[in-house]
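Protein chains in written order, with the working numbering: chain A, 883 to 1207; chain B, 59 to 424.
And the structure:
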């Protein structure tokens, strides 16, 4: 095990896959000469050159679509968005083309592409830079959506994403890039897409949390432990395909569940998990499934408003106490 | 800004022939056709006959498709290419067989030209399992990827960056192939085109952007939906450009061959405006009130298929009987395709869940 920053874990994964497969290339804003807006691609230009590490203009629609075409024609692009908030400009290519070309041609063309970058908010960046898109994209058939929380998961799942034969969205967080964690140094370390993980065992309540929200769940669980409440934390890691079985096993044990989700409430990840638990584990529930997520409001700039907007450990603790009667 | 009465404000181009109303605007002005004969273009008599065969096939296929649509044999959209056949035919004959072609939803002609049989095409329209896309694409999504026809795409301008991605991969692999993207004049107003032209020129991608300017973006004349001359868009990107008469297959062939050679040699993109005319409406539900019958007749009088037929006769490339035999053969082929499509099975219900992912047992959320 080596201790790596999140960004280093991602870079190692990309580097290893580029070394392994010449069809893999990286494209995006500031990925080459600038070494990556968040330094995920640092050093890759020097190692692989201008053919495989490519700076793009600020043209999300254009370069995302170009990636789709390159993937259809035999390459394996890793397209970096500086944030998924900017990928909205490329949504036609992700939603209408990458995910549909195989189906509408009756299987004639594949699209093995990774779209990656930070997701959701990163402090006081205002309304347009703060949206979590994993729930929205998970709505569309044909996409795999990953939103990881720790460096080890980042590495293992990034390698899986690059090797996947289908379009994959890989989401990170500006606020997690500097986060350190132990990363497997196993040769060819892979975590399969669609497998969640029990990251903390507990018997009183299940917390389902992925991405940046996982870390809030950990803080809340540590606080609750002082009061003798033991939370079990499930990190699904992959939003879609969803490891529902892992969540259900935990809920059947704890009989209570809180979903912590960085999306807005309507029809998001939390809503879906809540629905699935009532369908599959109704008789096991001792309390309603609750969620802690963003309000149905845009991200404000002002610090006190922003703090009130973003989910907090305190909200999680309150939710746990609400179901722990 | 001079103050005006609000009744004088209009959000429409001015200084046109009928400024009072959106109304009828002439579609396109055609550049002169090439004067070269087939031999100086390097075309053999057999190639000419093949060209005629291909254009006539596209025409009759779509005329029969239209009948079947009107009979209620299939639903969805049906965008006909009739009138524009010289473009697909001239281009495919000018390009290498492994050059990559992609187009928008007016795609039947392109598919036929790149090896989709009348049977597979008609069956696709009918939504049958034997269709070129297994019945999952329909009229707008013909594709024959093995023959480097990457398909028809339904979002105006959406396939333009994809075409440059095909070219990117070709350059990445140094395989000598070029790509070409065909789209209508309506797509020149999409941001996707502009982003992609910049990328293609910046990275010197071996690709050709081709506007099939048929004069109308659905029901809006080119002069009413876009400023200046379409071909001049190239100037802003420092891109090589050309205007071609799309009602003449020789003109398309000559210039597209020259362009393909140039793109292959220098790995630099071109922006090409091919002026043409579609005889039918935008789709089957179009009442066509935006143009006059006289304008339509003007173009039908210079029909590209008739033009080639006249040439074959005048230059004694082949006997009239030979032309008749080509036409009769196609007539039979297309009628047989209708029967084939009609009698083919619909896709099995299990096909609903295939072709979504590459793996055998993919995850579907329920």
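Yeah, the Cβ is synthetic: ideal placement off N, Cα and C, and Gly gets one too. Note that the structure is a prediction, hence the values are computed from the model and not measured.
message: For residue 153/B and residue 397/B, what's the separation of their Cα atoms in angstroms?
response: Along the second chain, read from residue 1 onward, the residue named residue 153/B stands at position 95. Along the second chain, read from residue 1 onward, the residue named residue 397/B stands at position 339. Those two C-alpha atoms are separated by around 33 Å.
task: Determine the closest residue to residue 197/B out of 241/B, 135/B, 224/B, with distance taken between C-alpha atoms.
output: Counted from its first residue, the second chain places residue 197/B at position 139. That would be 135/B, whose Cα lies nearest to the Cα of residue 197/B.
query: Within the 8 Å Cβ cut-off, does residue 1019/A reach chain B?
result: Indexing the first chain from 1 puts residue 1019/A at position 137. So, not an interface residue.
task: Inspect the CB distances between the segment 140-160 of chain B and the segment 315-333 of chain B and report whether three or more fall short of 8 Å.
output: Segments in contact, yes.
field: Counted within 10 angstroms of its Cβ, other Cβ atoms place residue 946/A as buried (16 or more) or exposed
entry: As a working mapping, residue 946/A is identified with position 64 in the first chain. Residue 946/A is buried by the Cβ-count criterion.
query: Excluding the five sequence neighbours on either side, which residues of its own chain have a C-beta within less than 7 Å of the C-beta of residue 334/B, listed in chain order?
result: In the second chain, counting from the first residue as 1, residue 334/B sits at position 276. Closer than 7 Å at the Cβ level, and outside the excluded window around residue 334/B, lie 141, 142, 145, 270, 271, 272, 304, 305.
query: Can a CB atom of chain B be found closer than 8 Å to the CB of residue 933/A?
result: Reading the first chain from its first residue, position 51 is the one you call residue 933/A. Interface flag for residue 933/A against chain B is set, since a Cβ pair is found closer than 8 Å.
message: Count Cβ pairs between the segment 1098-1111 of chain A and the segment 1150-1159 of chain A that sit closer than 8 Å; are there 3 or more?
response: Contact fails: fewer than three Cβ-Cβ distances are below 8 Å.
field: Cutoff 7 Å; reference residue 215/B; Cβ partners in own chain excluding five residues on either side
entry: Locating residue 215/B in the second chain gives position 157, counting from the first residue. Leaving aside the five residues that flank residue 215/B on each side, the residues in its chain whose CB is nearer than 7 Å to its CB run, in chain order, 241, 245, 248, 250, 251.
task: Please list, in chain order, all residues of the same chain as residue 1004/A whose beta carbon is under 6 Å from its beta carbon, the five residues on each side excluded.
output: Mapped onto the first chain, residue 1004/A falls at position 122. Cβ within range, chain order: 1056, 1057.
message: Please give me, in chain order, every unbroken run of the alpha helix (DSSP H) with length at least 4 that falls completely inside the segment 1041-1127 of chain A.
response: Counting only runs of 4 or more, we get 1094-1108.
- request: Kindly indicate which three-state DSSP category residue 887/A falls into: helix, strand or coil?
  value: To locate residue 887/A, count along the first chain from 1; it is residue 5. Assignment of residue 887/A by DSSP, reduced to helix, strand and coil, places it in the strand class.
field: Three-state secondary structure assigned by DSSP to residue 171/B
entry: Here residue 171/B refers to the residue found at position 113 of the second chain. If DSSP states are grouped into helix, strand and coil, residue 171/B belongs with the helices.
Through-space distance from residue 1134/A to residue 1127/A, alpha-carbon basis: As a working mapping, residue 1127/A is identified with position 245 in the first chain. As a working mapping, residue 1134/A is identified with position 252 in the first chain. Taking C-alpha positions only, residue 1127/A is separated from residue 1134/A by approximately 10 Å.
- prompt: In chain order, what residues of the same chain lie with their CB nearer than 7 Å to the CB of residue 950/A, ignoring the 5 residues before and after it?
  reply: The residue labelled residue 950/A in the question sits at position 68 within the first chain. For residue 950/A, where only same-chain residues beyond five positions count, the Cβ hits under 7 Å are 975, 979, 980, 993, 995.
- request: Check residue 333/B in the structure and name its three-state DSSP category.
  value: The sequence position of residue 333/B within the second chain is 275, counting from 1. Of the three classes helix, strand and coil, the one that applies to residue 333/B here is strand, per DSSP.
Local conformation of residue 909/A per DSSP, three classes: Taking the first residue of the first chain as position 1, residue 909/A is located at position 27. Here residue 909/A sits in strand by DSSP.
task: Taking all protein chains shown into account, decide if residue 324/B is buried (16 or more other Cβ within 10 angstroms of its Cβ) or exposed.
output: Taking the second chain and counting its residues from 1, the one referred to as residue 324/B is at position 266. That one is exposed.
Element boundaries [alpha helix (DSSP H), containing residue 1161/A]: The residue you call residue 1161/A lines up with position 279 of the first chain. First-last of the alpha helix (DSSP H) with residue 1161/A: 1151-1163.
query: Does residue 208/B come within less than 8 Å of chain A when only Cβ atoms are used?
result: Here residue 208/B refers to the residue found at position 150 of the second chain. Interface annotation, residue 208/B: in contact with chain A, CB-CB separation under 8 Å.
message: Within 10 Å of its beta-carbon, does residue 93/B have 16 or more other beta-carbons around it, so buried, or fewer, so exposed?
response: Sequence index remark: in the second chain, residue 93/B carries index 35 (1-based). By the neighbour-count rule (16 or more Cβ atoms within 10 Å), residue 93/B is not buried but exposed.
- prompt: Taking 8 Å as the CB-CB limit, is residue 954/A close to chain B?
  reply: As a working mapping, residue 954/A is identified with position 72 in the first chain. The Cβ of residue 954/A sits closer than 8 Å to at least one Cβ of chain B.
query: Taking buried to mean at least 16 other C-beta atoms within 10 Å of its own C-beta, is residue 78/B buried or exposed?
result: In the second chain, the residue the question calls residue 78/B occupies position 20. With a pLDDT of only 49 at residue 78/B, under the threshold of 50, the placement of this residue in the model should not be trusted; the figure read from the coordinates follows. With fewer than 16 other Cβ atoms within 10 Å, it is exposed.
Integer-rounded CB distance, given that residue 195/B should sit under 8 Å from residue 178/B: Taking the second chain and counting its residues from 1, the one referred to as residue 178/B is at position 120. Taking the second chain and counting its residues from 1, the one referred to as residue 195/B is at position 137. Rounded, the Cβ-Cβ distance is 11 Å, inconsistent with contact.
task: Pair every Cβ in the segment 1131-1146 of chain A with every Cβ in the segment 1172-1188 of chain A, then say whether three or more of these pairs are closer than 8 Å.
output: The count of Cβ pairs closer than 8 Å, one atom from the segment 1131-1146 of chain A and one from the segment 1172-1188 of chain A, reaches three, so the stretches are in contact.
field: Proximal residues of chain B, C-beta to C-beta of residue 943/A below 8 Å
entry: The residue labelled residue 943/A in the question sits at position 61 within the first chain. Neighbours of residue 943/A across chain B, judged by C-beta separation under 8 Å: 219, 249, 250, 253.
message: Could you check whether the segment 1156-1163 of chain A touches the segment 1109-1118 of chain A, counting it as contact only if at least three pairs of C-beta atoms, one from each stretch, sit closer than 8 Å?
response: In short, these stretches do not touch, since the Cβ pair count stays below three.
query: Helix, strand or coil: how does DSSP classify residue 364/B here?
result: Looking up residue 364/B in the second chain gives position 306. The three-state secondary structure of residue 364/B, taken from DSSP, is helix.
- prompt: With respect to the alpha helix (DSSP H) encompassing residue 158/B, which residues constitute its N-terminal and C-terminal limits?
  reply: One-based indexing of the second chain puts residue 158/B at position 100. Where residue 158/B is concerned, there is no enclosing alpha helix (DSSP H), although the beta strand (DSSP E) it sits in stretches over 158-161.
- request: List the residues of chain B that residue 1077/A touches, going by C-beta distances under 8 Å, in chain order.
  value: For this step, residue 1077/A is matched to residue 195 along the first chain. By Cβ distance, chain B contributes nothing, its closest Cβ being about 11 Å from residue 1077/A, past 8 Å.
message: Just verifying my parser: in three-state terms, what is the DSSP assignment at residue 274/B?
response: Numbered from 1 along the second chain, position 216 holds the residue referred to as residue 274/B. Here residue 274/B sits in strand by DSSP.
- request: Check whether the segment 227-236 of chain B touches the segment 115-135 of chain B, counting contact only when three or more Cβ pairs, one atom from each stretch, lie closer than 8 Å.
  value: Short answer: they don't touch.
- request: Mind checking who residue 999/A pairs with in its DSSP beta bridge?
  value: Within the first chain, the letter at position 117 stands for residue 999/A. Partner(s): 1053/A.
message: Which residue wins for smallest C-alpha separation from residue 264/B, given the options 288/B, 219/B, 238/B?
response: Within the second chain, numbered from 1, the residue matching residue 264/B stands at position 206. Ranking the options by Cα distance to residue 264/B, first place goes to 238/B.
query: chain A partners of residue 410/B, CB-CB under 7 Å?
result: Against the second chain, residue 410/B aligns to sequence position 352. Within chain A, no residue comes near residue 410/B; the closest Cβ sits about 10 Å away, beyond 7 Å.
query: When DSSP labels each residue in this structure, what does residue 87/B get in the three-state scheme?
result: Position 29 of the second chain, counting from 1, holds the residue named residue 87/B. In this structure, DSSP gives residue 87/B a state outside helix and strand, which the three-state scheme calls coil.
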